[in-house]
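Undergrad:
Number of protein chains: 2
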Amino acid sequence: MERVSEVRWLSAREQRVWRSYLHATWMLTEHVERQLQQEAGMPHTYYEILVVLSEAPNRSLRMSELAATCHASRSRLSHAVARLERAGWVQRHACEKDKRGSWASLTETGFAVLEKAAPGHVTTVRENLFDVLTEEQVDALGEICAAIRDGLAPTCEKAIAEEEARCAEAEASAGEPIEATPRG
Amino acid sequence: MERVSEVRWLSAREQRVWRSYLHATWMLTEHVERQLQQEAGMPHTYYEILVVLSEAPNRSLRMSELAATCHASRSRLSHAVARLERAGWVQRHACEKDKRGSWASLTETGFAVLEKAAPGHVTTVRENLFDVLTEEQVDALGEICAAIRDGLAPTCEKAIAEEEARCAEAEASAGEPIEATPRG
DNA sequence: TACCCTTTGTTGAGCGCTCAACTGGCCACC
DNA sequence: GGTGGCCAGTTGAGCGCTCAACAAAGGGTA
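Chains as they are written, first to last, in this note's numbering: chain A, 23 to 206; chain B, 23 to 206.
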């Protein structure tokens, strides 16, 4: 994080854009989340799981594949699918080939719920994103997101690699965690 | 949500942009969050609270003003400030003018923590957002965010207005909430 | 075959958030 | 002056998430 060299602070304009970005993405997320919660009774992450499953062959996917496609940790997916299973929207069954693994598949009920939820969700996304942007802005947004993604992808891989070589030297100059317990 | 008319589904291009948007914003958020958690021991929302307080006159703000500036609910801010107070970074004291209210102010320790956290945070934002974008893209991003914000602002106000006139008619065609309990 | 490392998936604790309900003080109106 | 509605802030339960620890099975090597 280039501790040695001088910090390149944000210019006034960059700060404005950054705060604008935070506010806009927060509002959009919030709005989409609330709409789905109210009309479909589920958070957006669960909706995404159902969508991915609905697009998979046989509407089924191995847990780890589902996790990768949804950009979710295995832990998160496990909790989420457990909840979706209790709701009767997803079902799990053991994998024959690899007895460690398990399949998650969308139930008929789950598919019906998804079909019912989709119009409202899509309308929300359209009205609050695509309708307020010009064609050029949509293109620009696509390119901006791609740039962010491509820029961050190596960092993520690096982070994973570093995690493996962890426990060495540790926090050379890390800050104090809030109240002794860092996180878990 | 225009239930009567036909749903305007997303085109393949729009769907691509939407998923790209979700992935990019998720990655960036995740990365910023992780960096702050590891180096400063606090989530991004707490960092923002400290920043807002540090910019306020006397490094103090009424709770409700702080909440409005941070785009946080009063509840969330109350919980957050309680936590920040336990960490010794923020202090609360009663308001003389209005005995219902209370002031939150940044402590010296809190300011020091913020000063220590800022370089790493700014560097993360710069490297993963501004460094991967061209000047034109930064401008475009600013305008896109402004458009989203402006588009959503009336919706938010409307939502607040509707909330007041709630309890009437209710869920005309709402979906079934997950497992009977919608949320809280 | 026996061993060890990896991979898959689950679990429980803790955290930040929302929602709803609440306390307590303000203020306008009778 | 009292009363009723509003406002500022807090609280507790429940939810989704992360993290770390775990169980169980695969797969390579000796």
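Virtual Cβ for every residue (Gly too), placed ideally from N, Cα, C.
(1) Find the nearest neighbour of B/Val112 within the set B/Ala62, B/Leu83, B/His143 and B/Cys92, judged by alpha-carbon distance.
(2) With a threshold of 9 Å between beta-carbons, can A/Met49 be considered close to chain B, or not?
(3) Distance check for B/Glu149 and B/Glu157, CA to CA, integer angstroms please.
(4) For B/Ser27, name the three-state secondary structure that DSSP assigns.
(5) Contact criterion: CB-CB distance below 9 Å. Does A/Val39 meet it with respect to chain B?
(6) Would you mind listing the beta strand (DSSP E) stretches within the stretch 58-135 of chain B that are 3+ residues and don't spill past its ends, in chain order?
(7) Measuring only between beta-carbons, confirm whether B/Tyr43 sits less than 9 Å from chain A.
(8) Three-state secondary structure (DSSP) at B/Ser33?
(9) Grab me the residues of B/Arg96's own chain with a C-beta within less than 6 Å of its C-beta, minus the 5 sequence neighbours each way, in chain order.
(10) Buried or exposed: B/Glu61, going by 16 or more other Cβ atoms within 10 Å of its Cβ?
(11) Applying the criterion that 16 or more other CB atoms from any shown protein chain within 10 Å of the CB defines a buried residue, is A/Arg188 buried or exposed?
(12) Could you check the C-alpha separation between B/His143 and A/Asn80 for me, to the nearest Å?
(13) Given a threshold of 16 other Cβ atoms within 10 Å of its Cβ, counted over all protein chains shown, does B/Arg108 qualify as buried or as exposed?
(14) Counting pairs of Cβ atoms below 8 Å between the stretch 111-125 of chain B and the stretch 151-167 of chain B, do you hit three or more?
(15) What would DSSP say about B/Leu151, mapped onto helix, strand or coil?
(16) Suppose you measure from the CA of B/Pro141 to the CA of B/Gln57; what does that come to, to the nearest Å?
(17) At a Cβ threshold of 9 Å, is B/Pro141 touching chain A?
(18) With B/His53 and A/Leu44 assumed to form a contact (beta carbons below 8 Å), what rounded beta-carbon distance in angstroms separates them?
(19) Quick check: the Cα distance between B/Glu70 and A/Glu130, rounded to an integer number of angstroms?
(20) Near A/Thr91, what residues of its chain come up, given a Cβ to Cβ distance below 6 Å and the 5 sequence neighbours on each side ignored?
(21) Run through chain A and tell me which residues come within less than 9 Å of B/Ala46, C-beta to C-beta.
(22) In angstroms with no decimal places, state the Cα-to-Cα distance between B/Glu186 and A/Gln59.
(23) Are the CB atoms of B/Tyr68 and B/Ala46 nearer to each other than 9 Å?
(24) Going along the chain, which residues of the stretch 145-161 of chain A sit with their C-beta nearer than 9 Å to a C-beta in chain B?
(25) Let me check understanding here. Comparing Cα to Cα, which of B/Pro65, B/Arg30, B/Leu72 and B/Trp31 lies closest to B/Ala134?
(26) Just checking: is the beta-carbon of A/Arg35 within a distance shorter than 9 Å of some beta-carbon in chain B?
(27) Using a Cβ-Cβ distance cut-off of 9 Å, determine whether B/His93 contacts chain A.
(28) When you check each C-beta in the stretch 75-86 of chain B against every C-beta of chain A, which residues fall closer than 7 Å?
(29) Between the C-alpha atoms of A/Leu136 and A/Cys117, what's the straight-line distance to the nearest angstrom?
(30) Within 9 Å of any Cβ in chain A, is that where the Cβ of B/Leu163 sits?
(31) Does any C-beta atom of chain B lie closer than 9 Å to the C-beta of A/His53?
TA: So, from the data block:
(1) Against the second sequence, residue 112 of chain B aligns to sequence position 90. Here the closest residue by C-alpha is B/Leu83.
(2) Within the first sequence, the letter at position 27 stands for residue 49 of chain A. Cβ-Cβ to chain B under 9 Å: yes for A/Met49.
(3) For the purposes of this step, residue 157 of chain B is taken as residue 135 along the second sequence, with counting starting at 1. For the purposes of this step, residue 149 of chain B is taken as residue 127 along the second sequence, with counting starting at 1. If I take the Cα positions, the gap works out to 14 Å.
(4) To locate residue 27 of chain B, count along the second sequence from 1; it is residue 5. Reduced to three states, the DSSP call for B/Ser27 is coil.
(5) Taking the first sequence and counting its residues from 1, the one referred to as residue 39 of chain A is at position 17. Yes, contact with chain B.
(6) 82-84, 112-116 and 124-128
(7) Locating residue 43 of chain B in the second sequence gives position 21, counting from the first residue. Cβ-Cβ to chain A under 9 Å: yes for B/Tyr43.
(8) Sequence index remark: in the second sequence, residue 33 of chain B carries index 11 (1-based). If DSSP states are grouped into helix, strand and coil, B/Ser33 belongs with coil.
(9) Residue numbering aside, residue 96 of chain B sits at position 74 when the second sequence is read from its first letter. Ala89, listed in sequence order.
(10) On the second sequence, position 39 is the one that residue 61 of chain B refers to. Classification for B/Glu61: buried.
(11) The residue labelled residue 188 of chain A in the question sits at position 166 within the first sequence. Any reading at A/Arg188 needs caution, since the residue's pLDDT is 43, under 50, leaving its predicted position unreliable; the model's value is listed next. Counting Cβ neighbours within 10 Å, A/Arg188 comes out exposed, since fewer than 16 surround it.
(12) To locate residue 143 of chain B, count along the second sequence from 1; it is residue 121. To locate residue 80 of chain A, count along the first sequence from 1; it is residue 58. Whole-angstrom Cα-Cα distance: 44 Å.
(13) As a first step, residue 108 of chain B is located in the second sequence; it is residue number 86 there, counting from the start. B/Arg108 comes out exposed.
(14) no
(15) Here residue 151 of chain B refers to the residue found at position 129 when the second sequence is read from its first residue. It is coil, neither helix nor strand.
(16) In the second sequence, residue 141 of chain B corresponds to position 119, counting from 1. In the second sequence, residue 57 of chain B corresponds to position 35, counting from 1. Going by the C-alpha atoms only, they are around 11 Å apart.
(17) For the purposes of this step, residue 141 of chain B is taken as residue 119 along the second sequence, with counting starting at 1. So yes, B/Pro141 belongs to the interface.
(18) One-based indexing of the second sequence puts residue 53 of chain B at position 31. One-based indexing of the first sequence puts residue 44 of chain A at position 22. Actually they do not touch by this definition, with Cβ atoms about 14 Å apart.
(19) Numbered from its first residue, the second sequence carries residue 70 of chain B at position 48. Numbered from its first residue, the first sequence carries residue 130 of chain A at position 108. So the two alpha carbons sit approximately 44 Å from each other.
(20) On the first sequence, position 69 is the one that residue 91 of chain A refers to. Val74.
(21) Numbered from 1 along the second sequence, position 24 holds the residue referred to as residue 46 of chain B. Neighbours of B/Ala46 on chain A, chain order: Ile166, Cys167, Ala168, Ala169, Ile170, Arg171 and Leu174.
(22) Along the second sequence, one-based indexing puts residue 186 of chain B at 164. Along the first sequence, one-based indexing puts residue 59 of chain A at 37. Here the model assigns B/Glu186 a pLDDT of 49, short of 50, so the residue's position is not dependable, and the following value carries that caveat. If I take the Cα positions, the gap works out to 19 Å.
(23) The residue given as residue 68 of chain B occupies position 46 in the second sequence. The residue given as residue 46 of chain B occupies position 24 in the second sequence. No, they are not a contact pair.
(24) Thr145, Thr146, Val147, Arg148, Glu149, Asn150, Leu151, Phe152, Asp153, Val154, Leu155, Thr156, Glu158, Gln159, Val160 and Asp161
(25) As a working note, residue 134 of chain B is residue 112 in the second sequence. Checked all of B/Pro65, B/Arg30, B/Leu72 and B/Trp31; the closest Cα to B/Ala134 is B/Leu72.
(26) Looking up residue 35 of chain A in the first sequence gives position 13. Yes, A/Arg35 counts as interfacial toward chain B.
(27) Your numbering for residue 93 of chain B matches position 71 in the second sequence. Taking Cβ atoms only, chain A reaches closer than 9 Å to B/His93, which makes this a yes.
(28) none
(29) As a working note, residue 136 of chain A is residue 114 in the first sequence. As a working note, residue 117 of chain A is residue 95 in the first sequence. The straight-line gap from Cα to Cα measures roughly 25 Å.
(30) Translated into positions along the second sequence, residue 163 of chain B becomes position 141. Yes, because at least one Cβ of chain A sits closer than 9 Å to the Cβ of B/Leu163.
(31) As a working mapping, residue 53 of chain A is identified with position 31 in the first sequence. With 9 Å as the cut-off, A/His53 counts as an interface residue toward chain B.
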